[in-house]
Amino acid sequence: MSLSIQYVGLITAFSFMVVLDLVGNSLVVLIFFLNKSMRTAMNKLVLNLATADMVVAIFVAIQFVIGPLHKHPSGTTGALLCKFLTGGTMAWTAALVSACNLVAISVERYHAVVHPLNSRSKLTRRKLKFIISGCWLTGCLWNAPLFVTVTFREDLGTCGERWPNTVLPVVYSLGWSVVAGIIPVSIMAYLYSRVVYKLWFETAPAVQSASARKATVARKKATITVIAVSVIYVICWIPVLVMYILAQSLPKHKVHSANHQITILLTMFNSSINPIVYSFTSAQFRQRIAKLFRCKRYKVYYGSRLRVYEIPQGSFKASQYESEGSTGRGVF
Numbered sequence: 028m029s030l031s032i033q034y035v036g037l038i039t040a041f042s043f044m045v046v047l048d049l050v051g052n053s054l055v056v057l058i059f060f061l062n063k064s065m066r067t068a069m070n071k072l073v074l075n076l077a078t079a080d081m082v083v084a085i086f087v088a089i090q091f092v093i094g095p096l097h098k099h100p101s102g103t104t105g106a107l108l109c110k111f112l113t114g115g116t117m118a119w120t121a122a123l124v125s126a127c128n129l130v131a132i133s134v135e136r137y138h139a140v141v142h143p144l145n146s147r148s149k150l151t152r153r154k155l156k157f158i159i160s161g162c163w164l165t166g167c168l169w170n171a172p173l174f175v176t177v178t179f180r181e182d183l184g185t186c187g188e189r190w191p192n193t194v195l196p197v198v199y200s201l202g203w204s205v206v207a208g209i210i211p212v213s214i215m216a217y218l219y220s221r222v223v224y225k226l227w228f229e230t231a232p233a234v235q236s237a238s239a240r241k242a243t244v245a246r247k248k249a250t251i252t253v254i255a256v257s258v259i260y261v262i263c264w265i266p267v268l269v270m271y272i273l274a275q276s277l278p279k280h281k282v283h284s285a286n287h288q289i290t291i292l293l294t295m296f297n298s299s300i301n302p303i304v305y306s307f308t309s310a311q312f313r314q315r316i317a318k319l320f321r322c323k324r325y326k327v328y329y330g331s332r333l334r335v336y337e338i339p340q341g342s343f344k345a346s347q348y349e350s351e352g353s354t355g356r357g358v359f
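In my numbering, the protein residues as written are 28 to 359.
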């Protein structure tokens, strides 16, 4: 009975996180594409972060929400499904892409605040393509061992890792702690400490123009947002990295045990919470969200007939209705 309650609790929690992730990050994507003013270099990195987080949600849902409700195929079909769909490998690939994006965002903030006049450090379109593709390539390469070792385990009746010896999984789990833990956290901590010192503690010029003061305020707000996202990443990822090492090192711990799934749920929370952080710390993001859902009534006259359209403000269709009504008596 306790196992049944535990199972229901986990599947409910995973389902809630998946929905929150997909809805929230879909809004981030919509706002980016519907507002040209939001298509800055940093927001393109945020867009890639949202995309990676949605990929995490999709494959977590397959593994922990949909998968347990069905009997998994065995044999070659089951092995292939485990490697590419039901075993969670793609979710961990996208999760590492998210970590890479957070590091890239911290580098962008560092150059934008500490070295704003250095043209060589400016994030160009070419650099952006290199960073985004590099993050996805890194995620795929680092998870290559999982694409090989994750298979259908007859003894478990589900997907699991099968390593040729007991040393390799321990080494790989320790590598995860370095790649997804020590390296990104160290880089972000150093860069953001420099940014915080520059914005809040360094003595500003006695005389500043209004535009310079406005730019400083904007940089502070953007920095608070990305630091909050980075801190949440650290809090949510440390438990799963530690649990993965324990699961691979100690016999009494198992990969995807109940305790391990709880720590995986924390990483799912990390992917889901980012849009909420944007809403609380970014006034611009809140305004775009409000504009996306606020309807504006357009009255269009066609001769003596009146038609009323209600569409979200900021929608690209608004211009269509305005142009249709421009030949009549006007749009109100």
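Where is the CB? At the ideal position from N, CA and C, for every residue including glycine.
Remember, predicted model here, so these are calculated numbers, not experimental data.
- The count of Cβ pairs closer than 8 Å, one atom from the segment 120-137 and one from the segment 156-165, reaches three, so the stretches are in contact.
- Counting the other Cβ atoms within 10 Å of the Cβ of Trp227 gives fewer than 16, which makes it exposed.
- Note on geometry: alpha-carbon atoms of Trp190 and Thr178 lie some 10 Å from one another.
- Setting aside the 5 residues that flank it on each side, Val45 is surrounded in the same chain by Ala84, Val87, Ala88, Val92, each with a C-beta closer than 7 Å to its C-beta; the list follows chain order.
- For Glu188, there is no enclosing alpha helix (DSSP H); the residue is found in the beta strand (DSSP E) stretching over 185-188.
- Under the three-state reduction of DSSP output, Val177 falls in the strand class.
- At a Cβ-Cβ threshold of 8 Å, Leu292 and Ala40 count as neighbours.
- Sequence-distant partners of His142 (beyond 5 residues in either direction) whose C-beta falls short of 7 Å from its own C-beta, in its chain, are Ser148.
- Where Ser238 is concerned, the enclosing alpha helix (DSSP H) starts and stops at 237-276.
- A straight line joining the alpha-carbon of Thr116 with that of Thr230 spans about 48 Å.
- Of Pro302, Glu181, Thr176, Ser204, the smallest CA-CA separation from Asn192 is found for Thr176.
- Inclusion of Tyr137 and Arg221 in the CB contact set at 8 Å is warranted, their separation being smaller than that value.
- Leu108 is classed as buried because its beta carbon has at least 16 other beta carbons within 10 Å across all chains shown.
- The beta carbon of Met215 sits closer than 7 Å to the beta carbons of Leu129, Val130, Ser133, Ser257 from its chain, once the five residues preceding and following it are set aside; these are given in chain order.
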